[in-house]
Each structure stands twice: as structure tokens, then as C-alpha cells.
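J.: For the sequence shown, the positions run 38 to 250 when the working numbering is used.
Beta carbons: idealized from backbone N, C-alpha and C, even for Gly.
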Amino acid sequence: MGNLRDSLFAPVEREIVLVEEGIKAVADVDYPWLAELLGYIVNSGGKRLRPALTLLAGKLHNSCNLDSLVPVATGVELLHTATLVHDDTIDLAPRRRGKPTAASIWGWSIATLAGDYLFSKAAELVSVACNIRADRLFAQTLTALCTGELEQSFSSFDPNQTRQSYFRRIGNKTASLFSMATESGGIVTGASEEAEQALRSYGYNLGMAFQIV
């Protein structure tokens with residue numbers, strides 16, 4: 038898996054470093070208690086697959102502008118991180134990736150607000166590209182994520198769930214973010230409409246496969 042990740046990241050190795058710096062910068066705030074909380078969350082690891090997809094999609098095009106692409110990729114990862122914080126809070130999860138969750142340390146209310154904070158920072162970073170279509174895609178993705186989480190909450194104990202409802206739920210909860218990752222890379226680098234559609238479809242299907250496997 039390590040070799041596969043290395044080969045995937047190789048074309049965007051330098052840009053991933055910039056994304057990591059942007060993620061860590063989120064914890065650079067004037068309030069020590071908030072800096073500690075955010076630092077704990079954003080330094081809890083992760084494969085960085087989604088921002089890598091954004092970078093790879095963006096670098097397919099000659100008009101790639103890293104000043105726009107890197108903040109968007111960073112926003113994609115922060116959006117993912119925010120969903121994990123909220124997932125852990127909803128599920129009352131004590132641990133993630135072998136470490137205590139933020140909710141188990143700071144409490145459920147603080148963790149919820151921290152997730153909200155990361156959602157807003159993600160939106161702020163995506164807005165750096167000054168692209169209304171990227172902003173709209175971010176909002177649509179956030180709506181899909183919330184819809185998927187709500188559907189899961191309402192149907193958790195339903196023994197009559199269908200395969201169709203399962204696919205719809207993971208399409209919202211997982212595939213929507215993969216789709217945003219790839220499509221946003223194309224949007225902010227001037228991809229053609231046909232290329233954007235291909236990137237959207239690729240990301241969505243990759244996300245579906247990622248969740249199912």
C-alpha cells in the first residue's frame with residue numbers, strides 16, 4: 038500500500054507538502070486553547086488521498102495555477118477532517134486511528150463546534166480560488182454529506198433497507214467528497230466541460246468503490 042501511495046503522490050509530491058503546511062496553519066490562532074484543540078485534530082494523521090486527487094486533476098491542464106489549486110486541495114482535506122470530527126461525535130466514538138477522539142477529550146459539544154470551525158475554514162480556503170462554481174460545488178457537497186449522515190441516522194435500525202438506499206447513502210456520505218476532490222481540481226484550472234464531467238464521474242465512482250471495498 039505504501040508503494041502504491043508513493044506512486045500516486047509522486048506527480049504532486051511538492052504540492053502535497055504545501056497542503057500539509059496549509060492544514061497545520063489552521064491551528065495557528067491567537068487562542069491557546071483553540072490552537073491546542075485544532076492542532077490535535079489536524080495532526081491526527083490521514084492518507085491525504087482526497088487533496089492528492091484534487092492536485093492530480095488540476096495538473097492535467099496547462100493553465101494550472103497553484104495559488105488557486107493548493108488552497109482548494111487543502112479545503113477538500115479540511116472538509117473531510119470536519120466530517121470525521123462530526124462522525125465521531127455522532128457515533129460517540131472513543132478512538133480514531135489509534136488515538137482518543139477530540140470528543141472523548143474535550144467533550145461532545147466542543148468537538149461539534151470544532152467540526153463547524155473546520156467546515157468554515159474549508160469554505161474559506163476554497164474561496165481563495167475566487168471561482169463561484171467551486172464555491173457552489175463546495176456547498177452542494179456539504180449538503181450531500183449532511184443528507185447522507187441524516188439518512189444513516191434515520192435508517193440505522195431499519196431491517197428493510199434496500200441495496201438502492203445503501204448506494205444512495207454512501208454516494209452522499211463518501212462518493213460526493215471524492216467527486217468534489219476531482220471535479221474542483223478541474224474547475225479551478227480551466228478544464229473543459231467534457232473534462233469536468235469525466236473528473237466528476239471518476240471521483241464519484243472511485244468514492245463508491247473506496248467505501249464498498
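DSSP beta-bridge partners for residue 84?
T.: Residue 84 sits at position 47 when you count from the first residue of the sequence shown. Answer is none; residue 84 lacks a bridge partner.
J.: Using alpha carbons as the reference points, say which of 171, 75, 57 lies closest to residue 64.
T.: Taking the sequence shown and counting its residues from 1, the one referred to as residue 64 is at position 27. When only C-alpha atoms are compared, the closest one is 75.
J.: Can you name the start and end residues of the alpha helix (DSSP H) that residue 246 belongs to?
T.: Residue 246 sits at position 209 when you count from the first residue of the sequence shown. Where residue 246 is concerned, the enclosing alpha helix (DSSP H) stretches over 230-249.
J.: Which word fits residue 131, buried or exposed, when buried means at least 16 other C-beta atoms lie within 10 angstroms of its C-beta?
T.: Translated into positions along the sequence shown, residue 131 becomes position 94. By the neighbour-count rule (16 or more Cβ atoms within 10 Å), residue 131 is not buried but exposed.
J.: Identify every residue that forms a DSSP beta bridge with residue 136.
T.: Residue mapping note: residue 136 aligns to position 99 of the sequence shown, counting from 1. Its beta-bridge partners are 133.
J.: Starting from the Cα of residue 174, find the closest Cα among 194, 90, 216 and give me that residue.
T.: For the purposes of this step, residue 174 is identified with residue 137 of the sequence shown, where counting begins at 1. The option with the nearest alpha carbon to residue 174 is 216.
J.: Measure the C-alpha to C-alpha separation of residue 235 and residue 243 and round it to an integer number of angstroms.
T.: In the sequence shown, residue 235 corresponds to position 198, counting from 1. In the sequence shown, residue 243 corresponds to position 206, counting from 1. About 12 Å.
J.: When you compare only the Cα positions, how much space is there between residue 68 and residue 81?
T.: Stepping through the sequence shown from its first residue, residue 68 is reached at position 31. Stepping through the sequence shown from its first residue, residue 81 is reached at position 44. The straight-line gap from Cα to Cα measures roughly 20 Å.
J.: By how many angstroms is the C-alpha of residue 248 removed from the C-alpha of residue 199?
T.: As a first step, residue 199 is located in the sequence shown; it is residue number 162 there, counting from the start. As a first step, residue 248 is located in the sequence shown; it is residue number 211 there, counting from the start. Spanning the two alpha carbons is a distance of roughly 17 Å.
J.: Please check the pair residue 178 and residue 214, which I expect to be a contact at CB under 8 Å, by giving their CB distance rounded to whole angstroms.
T.: The sequence position of residue 178 within the sequence shown is 141, counting from 1. The sequence position of residue 214 within the sequence shown is 177, counting from 1. At roughly 6 Å, the Cβ-Cβ gap stays under 8 Å, so residue 178 and residue 214 are in contact.
J.: Can you give the Cα-Cα distance for residue 134 and residue 83, rounded to whole angstroms?
T.: In the sequence shown, counting from the first residue as 1, residue 134 sits at position 97. In the sequence shown, counting from the first residue as 1, residue 83 sits at position 46. Cα to Cα, residue 134 sits roughly 9 Å from residue 83.
J.: Determine the closest residue to residue 127 out of 158, 92, 150, 73, with distance taken between C-alpha atoms.
T.: Working through the sequence shown from its first residue, we reach residue 127 at position 90. Nearest of 158, 92, 150, 73 to residue 127, Cα basis: 150.
J.: So residue 223 and residue 100 are supposed to be a Cβ contact under 8 Å. How far apart are they, rounded?
T.: Numbered from its first residue, the sequence shown carries residue 223 at position 186. Numbered from its first residue, the sequence shown carries residue 100 at position 63. Not confirmed; about 11 Å, so no contact.
J.: What whole-angstrom Cβ distance do residue 78 and residue 111 have, given they're in contact under 8 Å?
T.: Taking the sequence shown and counting its residues from 1, the one referred to as residue 78 is at position 41. Taking the sequence shown and counting its residues from 1, the one referred to as residue 111 is at position 74. Rounded, the Cβ-Cβ distance is 14 Å, inconsistent with contact.
J.: For residue 240 versus residue 219, is the C-beta spacing smaller than 9 Å?
T.: For the purposes of this step, residue 240 is taken as the residue at position 203 of the sequence shown. For the purposes of this step, residue 219 is taken as the residue at position 182 of the sequence shown. Their beta carbons are under 9 Å apart, which means residue 240 touches residue 219 by this criterion.
J.: Just the Cα atoms here: how many angstroms apart are residue 48 and residue 103?
T.: For the purposes of this step, residue 48 is identified with residue 11 of the sequence shown, where counting begins at 1. For the purposes of this step, residue 103 is identified with residue 66 of the sequence shown, where counting begins at 1. When rounded, the distance between both Cα atoms is 14 Å.
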